[in-house]
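**Q** Below you will find the structure I want to go over with you.
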Amino acid sequence: MRILQPAPTQSPTQTSAGILLMSVGIACLCVNDALAKTLTAHYSPFQIQFLRNLIALPFAIMIAWKMGGGAALRSHRPLAHFLRGGLWVGATFLFFTSITYMGLAEATALVFVAPLFITALSALFLREQVGWKRWLAVLVGFAGVLIAVRPGSSTFQTVSLLPIATAFVYAVLMLSARWVDSRESVWTLLLYMTGTGAAISLFIVPFIWNPVRPEDLWLFVAVAIFGTAGMTMITQAFRLAPAVVVAPLDYSAIIWATLLGWLFWNEIPDALTFVGAAVIIASGVFIIWREHRVAS
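With the working numbering applied, the sequence shown corresponds to residues 34 to 329, in that order.
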């Protein structure tokens, strides 16, 4: 999850710091995904998510307190956070399930359609003005999905729809930030996302709980640390540097996902998957650039 927040006027030093934080933050989230993929061999995605959020919650509280003070711990609309927590749980469950059955790089590439869903949903349901150029970018992006997924061919897998469903739920999650009271900081959003994610998962895990093996404890701790560190660095990156500069760095995840998938599972996506990913990324970068132009 990336929570965007307009940054004030930036100096070159701040912009450079934002680029570095974004790059390292994306790498941390990819390590988080790789660790989660390892854990899915023995545990349900819900259990992984619950323990990750539970372990990360104290860190999230400390970060919110450090960055936003006592005000960051309070919410003016707790129900909005609870609903967003449900979306967060759903998106994470879909993605963790997808990487159980398919390559890390393939799943990551398909999740990149989220900006396309955000643009389409903004136009269709929020009545925002979206010009023909951005609509064309959306169509091109979905063409990239067809190239990567190849429906109707012998290589098509139904599980490939899970990362696309993840992207859709994630897009709704991003747009739902408008439900949150404008007085609340981004650190409050991060804190309540972690807390509500743990609380909602708590109602599910008793039915699918698998005793945690001692040798897996460090993996759960590592997932919590890398996930929390990644989100914190990405959030701070958007506060230091312009979104149009750091947002495209999100797509560096395909490099890390490909490398990690190759190192640990000998996963090598085929050529058409890379072609489809390139088309999706190009359309996403254009949408980011175009929205920046329109906002300017």
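Ideal Cβ positions, reconstructed from N, Cα and C, are used throughout, including at glycine.
What residue from 95, 279, 289, 197 has the CA that sits closest to residue 29's CA?
**A** A question about residue 29 goes unanswered here, because the residues of the chain that appear run from 34 up to 329.
**Q** With a cut-off of 8 Å on the beta carbons, I'd call residue 138 and residue 300 a contact; round off their distance for me.
**A** Taking the sequence shown and counting its residues from 1, one reaches residue 138 at position 105. Taking the sequence shown and counting its residues from 1, one reaches residue 300 at position 267. With 8 Å as the limit, residue 138 and residue 300 qualify as a contact, their Cβ atoms being about 7 Å apart.
**Q** Quick one, which of 212, 77, 73 has its alpha-carbon nearest residue 239's?
**A** Within the sequence shown, the letter at position 206 stands for residue 239. When each option's Cα is compared against that of residue 239, the closest is 77.
**Q** Would residue 241 be called buried (16 or more neighbouring beta carbons within 10 Å of its own) or exposed?
**A** As a first step, residue 241 is located in the sequence shown; it is residue number 208 there, counting from the start. Residue 241 is exposed by the Cβ-count criterion.
**Q** Tell me whether residue 301 sits in a helix, a strand or coil according to DSSP, three-state version.
**A** Residue numbering aside, residue 301 sits at position 268 when the sequence shown is read from its first letter. Three-state result, residue 301: coil.
**Q** According to the neighbour-count rule (16 or more other Cβ atoms, all chains shown, within 10 Å of its Cβ), is residue 216 buried or exposed?
**A** By 1-based counting over the sequence shown, the position of residue 216 is 183. It counts as exposed.
**Q** For residue 287 versus residue 310, is the C-beta spacing smaller than 7 Å?
**A** One-based indexing of the sequence shown puts residue 287 at position 254. One-based indexing of the sequence shown puts residue 310 at position 277. Closer than 7 Å, so yes.
**Q** Where does residue 134 sit, in a helix, a strand or coil, going by DSSP?
**A** The residue given as residue 134 occupies position 101 in the sequence shown. Helix.
**Q** Could you check how far apart the C-beta atoms of residue 325 and residue 277 are, in whole angstroms? I think they sit under 8 Å.
**A** One-based indexing of the sequence shown puts residue 325 at position 292. One-based indexing of the sequence shown puts residue 277 at position 244. That belief holds up - the Cβ atoms of residue 325 and residue 277 are roughly 4 Å apart, short of 8 Å.
**Q** Please look up how many angstroms separate the CB atoms of residue 328 and residue 227, rounded, as I've assumed it's under 8 Å.
**A** In the sequence shown, residue 328 corresponds to position 295, counting from 1. In the sequence shown, residue 227 corresponds to position 194, counting from 1. Incorrect: roughly 30 Å between the Cβ atoms, too far for contact.
**Q** Express the C-alpha separation of residue 189 and residue 260 in angstroms, rounding to a whole number.
**A** For the purposes of this step, residue 260 is taken as the residue at position 227 of the sequence shown. For the purposes of this step, residue 189 is taken as the residue at position 156 of the sequence shown. Distance between the alpha carbons of residue 260 and residue 189 is about 31 Å.
**Q** Which parts of the stretch 238-307 are runs of the beta strand (DSSP E), unbroken and 3 residues or longer, counting only runs that do not cross its ends?
**A** The qualifying runs do not exist here; there are none.
**Q** Whose CA, out of 155, 193, 126, 84, lies closest to the CA of residue 143?
**A** In the sequence shown, the residue the question calls residue 143 occupies position 110. Nearest C-alpha to residue 143: 193.
**Q** Measuring only the C-alpha atoms, how far is residue 232 from residue 136?
**A** In the sequence shown, counting from the first residue as 1, residue 232 sits at position 199. In the sequence shown, counting from the first residue as 1, residue 136 sits at position 103. One C-alpha to the other measures close to 30 Å.
**Q** Count the other C-beta atoms from every protein chain shown that fall within 10 angstroms of the C-beta of residue 162, then say buried if there are 16 or more, exposed otherwise.
**A** Residue mapping note: residue 162 aligns to position 129 of the sequence shown, counting from 1. That one is exposed.
**Q** Locate the alpha helix (DSSP H) running through residue 66, then write down its first and last residues.
**A** Translated into positions along the sequence shown, residue 66 becomes position 33. Looking at the DSSP string, the run of the alpha helix (DSSP H) that includes residue 66 is 45-72.
**Q** Could you have a look at residue 159 and say whether DSSP puts it in helix, strand or coil?
**A** Here residue 159 corresponds to residue number 126 of the sequence shown, with the count starting at 1. Note: residue 159 maps to coil in three-state DSSP.
**Q** Beta-carbon separation of residue 84 and residue 253 under 7 Å?
**A** Counting from one through the sequence shown, the residue named residue 84 turns up at place 51. Counting from one through the sequence shown, the residue named residue 253 turns up at place 220. Yes, the Cβ-Cβ distance between residue 84 and residue 253 is below 7 Å.
**Q** Taking 8 Å as the limit between beta carbons, can you name the residues of its chain near residue 321, skipping five residues before and five after?
**A** Taking the sequence shown and counting its residues from 1, one reaches residue 321 at position 288. 148, 276, 277, 280, 281, listed in sequence order.
**Q** If contacts are defined as beta-carbon pairs under 8 Å, then residue 153 and residue 173 qualify, I think. What distance do you get, rounded to the angstrom?
**A** For the purposes of this step, residue 153 is taken as residue 120 along the sequence shown, with counting starting at 1. For the purposes of this step, residue 173 is taken as residue 140 along the sequence shown, with counting starting at 1. Contact doesn't hold; Cβ gap of about 13 Å is too wide.
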